[in-house]
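A.B. asks: Top line first, the protein sequences correspond to chains R and H. So the first sequence is numbered by the UniProt record's numbering: it starts at 1 and just counts up by one. So the second sequence is numbered by the UniProt record's numbering: it starts at 1 and just counts up by one. Have a look at this one before I ask anything.
There are 2 protein chains.
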Amino acid sequence: MIQPAELVSFLSFLQKIQPLTPSALEAIYSLCSLIAVRKNQNLQEIGMRCKTIYFVKEGLARIFYLKGGNEVTEYFAFENDLIIRAESLFTGKPSLKAIQALEDTVFIGIPADQLFSLFDTFPQIERLFRKIIEQAYVHTVNRMETIQFHSAEERYAQLVEEKPNLIQRIPLKYIASYLGITQVSLSRIRASIR
Amino acid sequence: MIQPAELVSFLSFLQKIQPLTPSALEAIYSLCSLIAVRKNQNLQEIGMRCKTIYFVKEGLARIFYLKGGNEVTEYFAFENDLIIRAESLFTGKPSLKAIQALEDTVFIGIPADQLFSLFDTFPQIERLFRKIIEQAYVHTVNRMETIQFHSAEERYAQLVEEKPNLIQRIPLKYIASYLGITQVSLSRIRASIR
DNA sequence: CTGATTATTTAACATTTGTAAAAGGATAAG
DNA sequence: CTTATCCTTTTACAAATGTTAAATAATCAG
């Protein structure tokens, strides 16, 4: 049985987005499970249908996929970040993307179908979820702008500024593909900054 | 007074995403207005807060913004496409983006605050809107992947395949910035394809 | 139709980024 | 400690894209 204390950070994360009544909170609480994944292990493999919404309770993870034999990092999730493979969850297709723990990581998982079936009983939960997607959408639009119209050097500088600890915690090669460049190119950029 | 026939395409567009009861449809219907904009005129200027959700009934439009004095096209909307400046609508900040008609265009507009206030009475409308955002989100994630990991030539080829008539209807310079490259570069790509 | 304006292409050159291979550092297992 | 492995940097060269300017081509207003 999960101790309520284990979920405090997650539930308060949700409450900040959309206040929830005790019964709605309880309904979400009852769907949560904890999953511990060791460093460099995959929580979800490529090719599985994504049916779970994850939240990083402790640790660090990434979503990545394969492109011409190379791993491409799409997203990093730190403590208190959601991690959702939207392109599978919302389309029902198998995901081409994997979720990997980059440190020993504890995830909170919620089965998506069970969560979605709460929507009819608790419109406030559907509202919560709508707001989460809105935020993710705005974030993605802004990220696209950054990728499309800034140089790799600017993108790196911006990333370092936004998430300084990312550089310490994540191998360079993962950061490079997240920025849309090669590892060699990123190394060159770092050399030119010094 | 708007004739119901004028809104058939829009309402059936919505119904395909989420079936709606007659009273919910009527509620949406009563919020709609028609806006005709001449070619090359702006429906919304840069700097305004975005408080309206638009749908292209006839014609063609784009969202663009300024980057170092140059116009950058973010999105093209054809007949029966929604056009929403999400980054302003969902954050309340003034939009840095303009909406411009690229042909004589008729928009259907819905005031966002009035639409959102229907959510409490009609959870199905909130659901409709959630699904719309989900679709937009998935679309944007896929587009980002395309931009980040395909060459400009591949991106152009893909665009031509997906929307062949886009090439005929839209000036090259707008397409170039949509693809994230310069006009000169796109012209070169076209020459190399022939 | 004509001139003016705008859109597109071409050319020459600079810069950025990619590719492949090797060298240097860091880390983990025995 | 030593070796093996993995990560990062460096080097040399190739390819892609940007920049600037000029040359065509297309479009629009009178």
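Ideal Cβ positions, reconstructed from N, Cα and C, are used throughout, including at glycine.
Mind listing the chain H neighbours of R:V141? Cutoff is C-beta to C-beta under 7 Å, in chain order.
C.D. replies: A86, E87, T140
A.B. asks: Shortest alpha-carbon distance to R:I46 belongs to which of R:R127, R:P94, R:Q135?
C.D. replies: R:P94
A.B. asks: In or out: H:T121 buried (at least 16 other Cβ within 10 Å) or exposed?
C.D. replies: exposed
A.B. asks: Taking all protein chains shown into account, decide if R:T140 is buried (16 or more other Cβ within 10 angstroms of its Cβ) or exposed.
C.D. replies: buried
A.B. asks: Would you mind listing the alpha helix (DSSP H) stretches within the UniProt domain "Cyclic nucleotide-binding" (37 to 121) of chain R that are 4+ residues and don't spill past its ends, in chain order?
C.D. replies: 86 to 89, 112 to 116
A.B. asks: How many Å lie between R:S187 and H:V184 at the Cα?
C.D. replies: 30 Å
A.B. asks: Is there contact here, the stretch 130 to 140 of chain H with the stretch 30 to 42 of chain H, by at least three beta-carbon pairs under 8 Å?
C.D. replies: no
A.B. asks: How long is the line joining the alpha carbons of H:Y156 and H:M48, rounded to whole angstroms?
C.D. replies: Between the C-alpha atoms of H:Y156 and H:M48 there is a straight-line separation of about 32 Å.
A.B. asks: Comparing alpha-carbon positions, which option in H:L102, H:F149, H:S12, H:L31 lies nearest H:Q168?
C.D. replies: Scanning H:L102, H:F149, H:S12, H:L31 for the CA closest to the CA of H:Q168 turns up H:L102.
A.B. asks: Sorry if obvious, but does the Cβ on H:L60 come closer than 7 Å to a heavy atom of the ligand MN?
C.D. replies: Because no ligand of any kind appears in the structure shown, any question about the ligand MN cannot be addressed here.
A.B. asks: Give the list of continuous alpha helix (DSSP H) stretches no shorter than 4 residues that lie fully inside the stretch 151 to 176 of chain H.
C.D. replies: 152 to 162, 164 to 169
A.B. asks: Taking H:Y54 and H:I108 to be in contact with their CB atoms under 8 Å, please state how far apart those CB atoms are, rounded to whole angstroms.
C.D. replies: Right, the Cβ-Cβ distance comes to about 7 Å (below 8 Å), so this counts as a contact.
A.B. asks: Establish whether the CB of R:T91 and some CB of chain H are separated by less than 8 Å.
C.D. replies: Residue-level contact check: R:T91 touches chain H, since one or more beta carbons of chain H fall below 8 Å from its beta carbon.
A.B. asks: Would R:P123 count as contacting chain H if we go by Cβ distances under 8 Å?
C.D. replies: yes
A.B. asks: State yes or no: is the C-beta of R:I35 within less than 8 Å of the C-beta of R:I63?
C.D. replies: no
A.B. asks: For R:F129, which residues in chain H fall below 8 Å Cβ to Cβ?
C.D. replies: R130
A.B. asks: Please state if the CB of R:T105 and the CB of R:L66 are separated by a distance shorter than 8 Å.
C.D. replies: no
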